[in-house]
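A.B. asks: Got a structure for you, questions after.
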Amino acid sequence: MAALACPPPDAPTFMDNLRGASNVYVFRLMSLEVTDGRPWYSTLNGRINVVSSLKGSTPKASRLAYSVDCCAPKLIVGRYYLAAVPNDAATLQLVRGDQSIIDVTDDFTDKGGAGKTGAITPVQGYLSGRPLPADFPGDYRLEATVACPVAPPPR
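Residue numbers for the sequence shown follow this note's numbering, so the first one is 27 and each next one is one higher.
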């Protein structure tokens, strides 16, 4: 029997993805549906609406897809996400342990509420050459988007 580790040990962090991204944009998840009908390991497809482009040309992305398994992304219809991706594909393909997106809904609702400081403004600053806060993107953003625990950095 093979063991399945969550997340994959080589999964890039959001910061890794941001550093290597050719496209950075904000999208709203408009719909999400099961497309293969399998009871235990399903493929989900969703329609997205890009609301802002922070880096790269106007994104072609209009859909996203991912499989429901260990460490699948946690996505909720109606919420906003910041994507940092290496290409401009029409379908944003997410994988197990994926940290190429983070939830930024608070940037569009109650900014500053519940101790949240927003994420889009710091990322815009980073893309302009300013440093990000040391704890960016923060545990609450990762927990809202990634469905498995993130290993702490080595001591």
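Here a beta-carbon is modelled for each residue, glycine too, at the ideal position from N, C-alpha and C.
Indicate the three-state DSSP secondary structure (helix, strand or coil) for N43 in the structure shown.
C.D. replies: helix
A.B. asks: Using a Cβ-Cβ cutoff of less than 8 Å, which residues in the same chain neighbour A116 once the five nearest sequence positions on both sides are dropped?
C.D. replies: K86, A87, S88 and R89
A.B. asks: Applying the 10 Å Cβ sphere with the 16-neighbour rule, what's the burial state of A160?
C.D. replies: exposed
A.B. asks: Three or more beta-carbon pairs under 8 Å between the segment 44-60 and the segment 101-118, yes or no?
C.D. replies: yes
A.B. asks: Could you check what DSSP says for V130 in three-state terms: helix, strand or coil?
C.D. replies: coil
A.B. asks: With DSSP as the reference, please indicate the residues paired to F53 in a beta bridge.
C.D. replies: In the DSSP assignment, the residues bridged to F53 are V76 and Y107.
A.B. asks: When the distance is taken between beta carbons, is Y51 closer than 8 Å to S79?
C.D. replies: yes
A.B. asks: Would you kindly work out how many angstroms separate the C-alpha atoms of L168 and N43, rounded to a whole number?
C.D. replies: 14 Å
A.B. asks: Looking only at DSSP bridge pairs, what is A91 linked to?
C.D. replies: N71 and Q119
A.B. asks: What separation, rounded to the nearest whole angstrom, lies between the Cα atoms of Y152 and A37?
C.D. replies: 22 Å
A.B. asks: Apart from the five residues just before and just after V130, which ones in its own chain have a Cβ nearer than 8 Å to its Cβ?
C.D. replies: V52, Y106, Y107, L108, G144, A145, I146 and R167
A.B. asks: Can you tell me the Cα-Cα spacing of G139 and A170, whole angstroms?
C.D. replies: Caution applies to G139, whose pLDDT of 45 falls short of 50 and renders its modelled position unreliable; the model cannot decide the point.
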